[in-house]
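Novice: Quick one: this structure, given as structure tokens, is what I'll be asking you about.
Residue numbers (our numbering): 9 to 548.
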């Protein structure tokens, strides 16, 4: 089976925080799972280096937009590498391949009659002497009345046009903009109304509830044509004579990154990227709640316009993450930044927390107390303790090596069930439930060890005690594979510590198997409780 996984492209205009991690982590979990199954996987993402947020940041710092994009793209790569994200291609939207392929997409849409030209009045700042990109305009949402940007309202999720805002002001200078006539190409989104309605109806069982609700609302209200070009200075040039001073609008250009990254991966590796854009390929699109309409309406419309039927299957759209019961605010530094937290804590502690606390159906709160508790209780006290006491007890009584040949049927059945049930949940994009199901085996195994009491049995029946410990060794080795999608560093460490040569896969390890217990060391270290208040004191 071929599986395509697209992770949302973060804007390269500032550091990543824990909200980004929560939204993007399911993509890596899914990619690792399907690779363990032996499926053909392409997992792509990249940095959005053409968006107006970068231009705003550059103006604030008095540097070129390219410098900002370079800085944060490099930082993103470092964070994702430390977190173990296994992208096959992590690109950037200012690459030569991306620009070339986006221009091809634009011309194909134009050739197929899905782009048309019209003149409209757009926001223009007399003080700055420039047309204002939608994100350069701030005001009041005409739908819900909350503060909003010119491109989208974060409060109600509506995609906007800057001219629709009330009480508009220029983000650069604060003055109210005027309207000025300009000419642009528009994507005839309204012509895809019926196609997208049928598409959404047919795929809603594969989407998160927030995606179903928001997409249904847009379709019910009627899709509106949307500008595909903009009067901005950075981005992909419009490949049409007379439009050399304009750029392809980021909302149509950035989502095309899923396709352009596939092309770039194929060219770099000499691979046929087109097999991942076949209608039989299973696709997952992983992103935050605010990106839903771009993945359920705009990107499917673009693909339809290109004549490509490989529309998104599974929409894995996360809700928001709050911090200590308050909304994350980057401007007020009410945030936990990934570069900082990755310097101080094990990456699998972060991955575990946002696996079992993933905001899949509702907002999830990040609490430093809960973070420390989950590490010390679940990872150190649950997983680490089970594996260490099993290995140390076996070494003490039976030596450094073991050959596992016969395991109790009850144990093999429990392990097989854990793989099966966890996999079924993952294939539905239910990463939080899948993580909880996988870790049920850890809790079950600790209870088994305690109930079997090998320390007592060994006094009367060494063979029976040995059998109990071999059962626990079998579970320990299997936890490396079962937890691998969620805790890749820990899974690999378990495999190394037991000197298992067999490659991990999504099934119980084959018997017989030889195990070497030399070099065992704790998988985790305790986080002092004092860290809770120290970390809280940094907020704000």
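Where is the CB? At the ideal position from N, CA and C, for every residue including glycine.
What span of residues does the alpha helix (DSSP H) with residue 363 cover, start to end?
Specialist: First-last of the alpha helix (DSSP H) with residue 363: 355–364.
Novice: Report, in whole angstroms, the separation of the C-beta atoms of residue 123 and residue 193, which I expect to be a contact under 8 Å.
Specialist: Confirmed, Cβ separation roughly 5 Å.
Novice: Going along the chain, which unbroken runs of the alpha helix (DSSP H) with 4 or more residues stay wholly within the stretch 458–495?
Specialist: Within the stretch 458–495, the complete alpha helix (DSSP H) runs of at least 4 residues are 462–465 and 470–490.
Novice: Given that a residue counts as buried once 16 or more other Cβ atoms are within 10 Å of its Cβ, and exposed if not, what is residue 413?
Specialist: It is exposed - the Cβ of residue 413 has fewer than 16 other Cβ atoms within 10 Å.
Novice: Can you find the residues in the same chain that come closer than 7 Å, C-beta to C-beta, to residue 73, ignoring five residues on each side of it along the sequence?
Specialist: Here the set comprises 62, 63, 66 and 242.
Novice: Evaluate residue 338 with the Cβ neighbour count: other Cβ atoms within 10 Å of its Cβ, from every protein chain shown; 16 or more gives buried, anything less gives exposed.
Specialist: The residue is exposed, with fewer than 16 neighbouring Cβ atoms inside 10 Å.
Novice: How do the stretch 532–544 and the stretch 373–380 stand: do at least 3 beta-carbon pairs fall below 8 Å, yes or no?
Specialist: Taking 8 Å as the limit for Cβ pairs, the verdict is that the stretch 373–380 does touch the stretch 532–544.
Novice: Could you tell me the alpha carbon to alpha carbon distance between residue 170 and residue 178, rounded to whole angstroms?
Specialist: If I take the Cα positions, the gap works out to 10 Å.
Novice: Looking at residue 444: is its Cβ nearer than 8 Å to the Cβ of residue 364?
Specialist: Yes, Cβ-Cβ distance for residue 444 and residue 364 is below 8 Å.
Novice: How many whole angstroms separate the CB atoms of residue 218 and residue 300, which I take to be in contact at a CB cut-off of 8 Å?
Specialist: Confirmed, Cβ separation roughly 7 Å.
Novice: So if DSSP puts residue 331 in a beta bridge, which residue, or which two residues, is it bridged to?
Specialist: According to DSSP, residue 331 bridges with 334 and 374.
Novice: To the nearest whole angstrom, what separates the beta carbons of residue 56 and residue 20, a pair I think is in contact under 8 Å?
Specialist: Their Cβ separation, rounded to whole angstroms, is 6 Å, which keeps residue 56 and residue 20 in contact under 8 Å.
Novice: Tell me where the alpha helix (DSSP H) around residue 432 begins and ends.
Specialist: Its alpha helix (DSSP H) spans residues 417–435.
Novice: Given a threshold of 16 other Cβ atoms within 10 Å of its Cβ, counted over all protein chains shown, does residue 220 qualify as buried or as exposed?
Specialist: Buried: at least 16 other Cβ atoms inside 10 Å.
Novice: For the beta strand (DSSP E) containing residue 114, list its first residue and its last residue.
Specialist: It is not in any beta strand (DSSP E) - residue 114 instead sits in the alpha helix (DSSP H) that spans 104–119.
Novice: Can you say whether residue 254 is buried or exposed, counting buried as having 16 or more other CB atoms within 10 angstroms of its CB?
Specialist: That one is buried.
Novice: Report the residue ranges of all beta strand (DSSP E) runs contained in full by the stretch 12–74; include only those spanning at least 3 residues, in chain order.
Specialist: DSSP runs (the beta strand (DSSP E)) wholly in the stretch 12–74: 48–55.
Novice: For residue 39, which residues in the same chain have their Cβ closer than 6 Å to its Cβ, ignoring the five residues on either side in sequence?
Specialist: So the list reads 13, 49, 51 and 94, once near-sequence residues are dropped.
Novice: Using three-state DSSP, classify residue 544 as helix, strand or coil.
Specialist: Note: residue 544 maps to helix in three-state DSSP.
Novice: Could you please give the first and the last residue of the uninterrupted alpha helix (DSSP H) stretch that includes residue 396?
Specialist: Where residue 396 is concerned, the enclosing alpha helix (DSSP H) stretches over 393–406.
Novice: Quick test of your reading: residue 101 and residue 265, contact by CB under 8 Å. State the CB separation rounded to the nearest angstrom.
Specialist: Going by Cβ atoms, the distance from residue 101 to residue 265 rounds to 6 Å, so yes, they are a contact pair.
Novice: Select from 350, 333 and 404 the residue whose C-alpha is nearest the C-alpha of residue 371.
Specialist: Residue 333 is the option with its Cα nearest to residue 371.
Novice: Compute the distance between the beta-carbons of residue 498 and residue 531, then report whether it is under 8 Å.
Specialist: Contact: yes.
Novice: Does the Cβ of residue 480 have 16 or more other Cβ atoms within 10 Å, making it buried, or fewer, making it exposed?
Specialist: Per the 10 Å Cβ criterion, buried.
Novice: Output yes or no for whether 8 Å exceeds the beta carbon distance between residue 362 and residue 398.
Specialist: No.
Novice: With distances taken from CA atoms, which of 195, 427 and 411 is nearest residue 118?
Specialist: Here the closest residue by C-alpha is 195.
Novice: Check the DSSP bridge columns for residue 188 and list the partner residues they point to.
Specialist: In the DSSP output, where bridge partners are listed per residue, residue 188 has 130.
Novice: Enumerate in chain order the residues of its own chain whose CB-to-CB distance from residue 9 is below 6 Å, with the five nearest sequence positions on each side excluded.
Specialist: Counting only Cβ-Cβ distances below 6 Å, and skipping sequence neighbours, we find 47.
Novice: Below 8 Å, how does it come out for the stretch 315–322 and the stretch 340–347: are there three or more Cβ pairs, yes or no?
Specialist: No, the stretch 315–322 is not in contact with the stretch 340–347.
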